[in-house]
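> Before I ask anything, here is the structure I am working with.
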Amino acid sequence: MEKMRRSMSSVFTSKTMRFLHRNLQGKGNLRIAPSFINLCWGRGFASGSDDYREILRNGLQDIKLDDAVGLFSVMVQSRPRPSIIDFSKLLSSIAKMKKFDVVISLGEQMQKLGISHNLYTYNILINCFCRRSQISLALALLGKMMKLGYEPNIVTLSSLLNGYCHCKRISEAVALVDQMVEMGYQPNTVTFNTLIHGLFLNNKASEAVALVDRMVVKGCQPDLVTYGSVVNGLCKRGDTDLALNLLNKMEKGKIEPNVVIYSTVIDALCKYKHVDDALNLFNEMEIKGIRPDVFTYSSLISCLCNYGRWSDASRLLSDMIEKKINPDVVTFNALIDAFVKEGKLVEAEKLFDEMIRRSIDPDTFTFNSLINGFCMHNRLDEAKDMFDLMVSKRCFPDVVTYNTLINGFCKSKRVEDGIELFREMSQRGLIGDTVTYNTLIQGFFQAGDCENAQEVLKRMGSSGVPPSIMTYNILLAGFCSNSKLEKALVIFEDLQKSEMELDIFTYNIMIEGMCKAGKVEDGWDLFCSLSLKGVKPNVVTYNTMISGLCSKRLLQEAEALYREMKEDGPLPVSGIYNTLIRAHLRDGNKAASAELIREMRSCGFAGDASTIGLVTNMLHDGRLDKSFLDMLS
Numbered sequence: 001m002e003k004m005r006r007s008m009s010s011v012f013t014s015k016t017m018r019f020l021h022r023n024l025q026g027k028g029n030l031r032i033a034p035s036f037i038n039l040c041w042g043r044g045f046a047s048g049s050d051d052y053r054e055i056l057r058n059g060l061q062d063i064k065l066d067d068a069v070g071l072f073s074v075m076v077q078s079r080p081r082p083s084i085i086d087f088s089k090l091l092s093s094i095a096k097m098k099k100f101d102v103v104i105s106l107g108e109q110m111q112k113l114g115i116s117h118n119l120y121t122y123n124i125l126i127n128c129f130c131r132r133s134q135i136s137l138a139l140a141l142l143g144k145m146m147k148l149g150y151e152p153n154i155v156t157l158s159s160l161l162n163g164y165c166h167c168k169r170i171s172e173a174v175a176l177v178d179q180m181v182e183m184g185y186q187p188n189t190v191t192f193n194t195l196i197h198g199l200f201l202n203n204k205a206s207e208a209v210a211l212v213d214r215m216v217v218k219g220c221q222p223d224l225v226t227y228g229s230v231v232n233g234l235c236k237r238g239d240t241d242l243a244l245n246l247l248n249k250m251e252k253g254k255i256e257p258n259v260v261i262y263s264t265v266i267d268a269l270c271k272y273k274h275v276d277d278a279l280n281l282f283n284e285m286e287i288k289g290i291r292p293d294v295f296t297y298s299s300l301i302s303c304l305c306n307y308g309r310w311s312d313a314s315r316l317l318s319d320m321i322e323k324k325i326n327p328d329v330v331t332f333n334a335l336i337d338a339f340v341k342e343g344k345l346v347e348a349e350k351l352f353d354e355m356i357r358r359s360i361d362p363d364t365f366t367f368n369s370l371i372n373g374f375c376m377h378n379r380l381d382e383a384k385d386m387f388d389l390m391v392s393k394r395c396f397p398d399v400v401t402y403n404t405l406i407n408g409f410c411k412s413k414r415v416e417d418g419i420e421l422f423r424e425m426s427q428r429g430l431i432g433d434t435v436t437y438n439t440l441i442q443g444f445f446q447a448g449d450c451e452n453a454q455e456v457l458k459r460m461g462s463s464g465v466p467p468s469i470m471t472y473n474i475l476l477a478g479f480c481s482n483s484k485l486e487k488a489l490v491i492f493e494d495l496q497k498s499e500m501e502l503d504i505f506t507y508n509i510m511i512e513g514m515c516k517a518g519k520v521e522d523g524w525d526l527f528c529s530l531s532l533k534g535v536k537p538n539v540v541t542y543n544t545m546i547s548g549l550c551s552k553r554l555l556q557e558a559e560a561l562y563r564e565m566k567e568d569g570p571l572p573v574s575g576i577y578n579t580l581i582r583a584h585l586r587d588g589n590k591a592a593s594a595e596l597i598r599e600m601r602s603c604g605f606a607g608d609a610s611t612i613g614l615v616t617n618m619l620h621d622g623r624l625d626k627s628f629l630d631m632l633s
């Protein structure tokens, strides 16, 4: 014991004691929440002072906070006073409520009243400081406790370890475990599990895995919690190979992985697109007699649906029901969402009806998926009916719900209905996001209402929602498509002066706007400036510029740009070939047109409706022979 005392003293008289001295210098004693302490005295307790011993004897499992504080007031005023063991029981029960600040305040009050703490109460208080991330105060209390002759035990050190990990001071946590060993304490599984959790919090996955091996060397057998923590941490990082290796290591160590660990790995394999590996592990799990649960099935069904493997998903659903594992809302949501995204709305509706039949309450995600499906199929009235059903079932719509409906109405040019939903959204206390405002602005532009589009933009700014580059792209495209290029140019110039990083989509909008307004030279100047701005043109940029040049009969420039594109840019697409073919035909250059048609066909493209229409008209006029139409077909 004397050796341990000396060891403990040496550990905390070096770095730790210097740390304590530095942090407590000039700060006096620990003082916590005096206003709360005064409040404690003002609270009465429902029972008389003679009853507190009976309450302590019967246990404090169900005691409420106010009653616990009232009981403390009775206890400190009782004569003779209760033992420190009784106070410890009370503090422990309050700590279990996670009212750590209350425990600390009551502990300080005990000290003022001359009620001496024992090791147990010190441990409770140190744990509370650590749970509140006040590690320096926990260390201060540790120093005081040691001066009074109390030696920290495994509980004290485990609390400090937890505090270090919670505060992301992981190197100190690792050092503390080493010190525990030096002092003769054998770290237990809980100690190692705490440290493993801390390592993952600090993105130290390899160290956490290595610690499992170190546990075995130290004679501490990892348990299911240990392996579960490591597997969960690895899966969250996407390290599925390491997680699978750990499963094998568990089995070699005679620890059978449970359904939670298997399900965690299966879910990770699904999320990281290893669907066949997930199915193999699922089969392995069943062979070993480990019964899958609803989470296991839901993960696999969702993944299979996302890959369009409907028969496999249906088989698993049938298997699940056959085994009396009832699908839950998560299972149905996975299926409904996948069916909606695949355009299989009828199947999604049938699943929704099945949910109701099974008395499974749909949640916000369920309704959002179906509302989105109805909007995608332009069944807006049914989408609104689903919205009303959602509200009637006290399943409250969120921003996604409103954004989906507003987008549906705006795309169908029912912008006023969209605005009505926007008002309702505000009345419900929901704040529209960038998507909400962008949708409304675009809706008004598509309806040709530039004035209201600008009003929505003003409302967006006054509501504290900053416009994104997407917002500005919608504005520029809206003004350009409504023949208001000058307004678009003003916004574009302001954007160029701002710190916002413009993308190729912004430049494409402006180049197209200029070309369609007949200002091809301005569009060409902007196109030529892209390389100076460090922006690489994409296929849309080339297509737009070539179309603009052709519209002005600048065929040499268009051909030169086409050749540049083939050498340095993206591969030409059908639109570019058809634009150039038509331009050469109008210019009377049949040979150039024929060459382009052959090249286009070799790339797997065909003539579009405009090109075929032009060739047909020229055939009727006798300006072309039938071979041109044969080449295009």
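If you count by UniProt numbering, then the sequence shown holds residues 1 to 633, one letter each, in order.
Every residue, glycine too, gets a C-beta built ideally from N, C-alpha and C.
Could you pull out every residue in the same chain whose Cβ sits closer than 8 angstroms to the Cβ of PHE422, ignoring the five residues on either side in sequence?
Only residues of its own chain outside the window of five on either side were considered, and among them TYR402, ILE406, GLY432, THR436, LEU440 have a CB closer than 8 angstroms to the CB of PHE422, listed in chain order.
> Consult DSSP for CYS167 and reduce its assignment to one of helix, strand or coil.
In the displayed model, CYS167 falls within coil according to three-state DSSP, outside both helix and strand.
> Among residues of its own chain, excluding the 5 on either side of LEU476, which ones have a beta-carbon nearer than 8 angstroms to its beta-carbon?
Shown here for LEU476: same chain residues with a beta carbon closer than 8 angstroms to its own, the five before and five after excluded, namely ALA488, ILE491, PHE492, THR506, ILE509, MET510, GLY513 in chain order.
> Below 7 angstroms, is the gap between the Cβ of CYS305 and the nearest heavy atom of the ligand FMN?
Annotation note on the ligand FMN: not contained in the displayed structure, which lists no ligands.
> Using C-beta distances below 6 angstroms, list every residue in its chain close to LYS27, excluding the 5 sequence neighbours before and after it, in chain order.
Below a pLDDT of 50, predicted positions are generally treated as unreliable, and LYS27, at 37, falls in that range; the measurement from the model is reported next regardless. There are no such residues.
> Once you ignore the five residues that flank PHE100 on each side, which residues in its own chain have a CB closer than 6 angstroms to its CB?
CYS128, ARG131, ARG132
> Using DSSP with H/G/I as helix, E/B as strand and the rest coil, what is ALA447?
Three-state DSSP puts ALA447 in coil, outside helix and strand.
> Is the CB-CB distance between VAL265 and VAL212 below 8 angstroms?
no
> Helix, strand or coil for VAL573 per DSSP?
coil
> Would you check if the stretch 178 to 195 and the stretch 137 to 149 touch, i.e. whether three or more CB-CB distances between them fall below 8 angstroms?
In short, these stretches do not touch, since the Cβ pair count stays below three.
> My assumption, with CB atoms under 8 angstroms, is that GLY575 sits in contact with ASN543. Please give the rounded CB distance.
5 angstroms
> Looking only at its own chain, which residues have a Cβ that is under 7 angstroms from the Cβ of GLU207, when we skip the five neighbours before and after it?
Cβ within range, chain order: LEU199.
> What did DSSP end up calling ARG394 once you bin it into helix, strand or coil?
Judged by DSSP in its simplified three-state form, ARG394 adopts coil rather than helix or strand.
> Just to confirm my understanding: we take ASP525, look at its own chain, exclude 5 residues before and 5 after, and list those with CB closer than 8 angstroms. What are they?
none
> If you count every other CB in all the chains shown that lies within 10 Å of the CB of PHE396, and 16 or more means buried, which is it?
exposed
> So what does DSSP say about ARG586, is it helix, strand or coil?
Secondary structure of ARG586 (DSSP, three-state): helix.
> Are the Cβ atoms of PHE444 and VAL415 separated by less than 8 angstroms?
yes
> Report the residue from ASP239, ILE94, VAL190 whose alpha carbon sits nearest the alpha carbon of GLN221.
VAL190
> Give, in chain order, every unbroken run of the beta strand (DSSP E) that is at least 3 residues long and sits entirely within the UniProt repeat "PPR" (538 to 572).
none
> Quick check on GLU256: does DSSP put it in helix, strand or coil?
coil
> Less than 8 angstroms separating the beta-carbons of GLY429 and ALA453?
Taking a C-beta distance under 8 angstroms as the contact criterion, GLY429 and ALA453 do not qualify as a contact pair.
> Does the beta-carbon of HIS620 have 16 or more other beta-carbons within 10 angstroms, so that it is buried, or is it exposed?
Taking every protein chain shown into account, the CB of HIS620 has fewer than 16 other CB atoms within 10 angstroms, so this residue is exposed.
> Taking all protein chains shown into account, decide if GLN134 is buried (16 or more other Cβ within 10 angstroms of its Cβ) or exposed.
buried
> By DSSP, does PHE605 sit in helix, in strand, or in coil?
In the structure shown, PHE605 sits in coil (DSSP, three-state: anything other than H, G, I, E or B).
> Enumerate, from N- to C-terminal direction, the unbroken alpha helix (DSSP H) stretches of 4 or more residues contained entirely within the UniProt repeat "PPR" (398 to 432).
399 to 411, 415 to 427
> Taking the alpha-carbon positions, what's the ILE546 to MET470 distance?
25 angstroms
> Would you kindly check if the distance between the Cβ of VAL329 and the Cβ of ASP361 is under 8 angstroms?
Cβ distance < 8 angstroms, so ASP361 and VAL329 count as in contact.
> Using the C-alpha atoms, what's the distance from PHE192 back to LEU161?
10 angstroms
> In three-state DSSP terms, what is LEU624?
DSSP places LEU624 in the coil class of the three-state scheme, outside both helix and strand.
> So what's HIS197 in DSSP terms, helix, strand or just coil?
helix
> Are ILE290 and VAL340 close, meaning C-beta to C-beta below 8 angstroms?
no
> Give me the Cα-Cα distance between SER412 and PHE374, rounded to the nearest whole angstrom.
13 angstroms
> Alpha carbon to alpha carbon, how far is ARG553 from LEU561? Give it in angstroms, no decimals.
14 angstroms
> Comparing alpha-carbon positions, which option in GLU251, SER298, MET250, GLU286 lies nearest ALA268?
SER298
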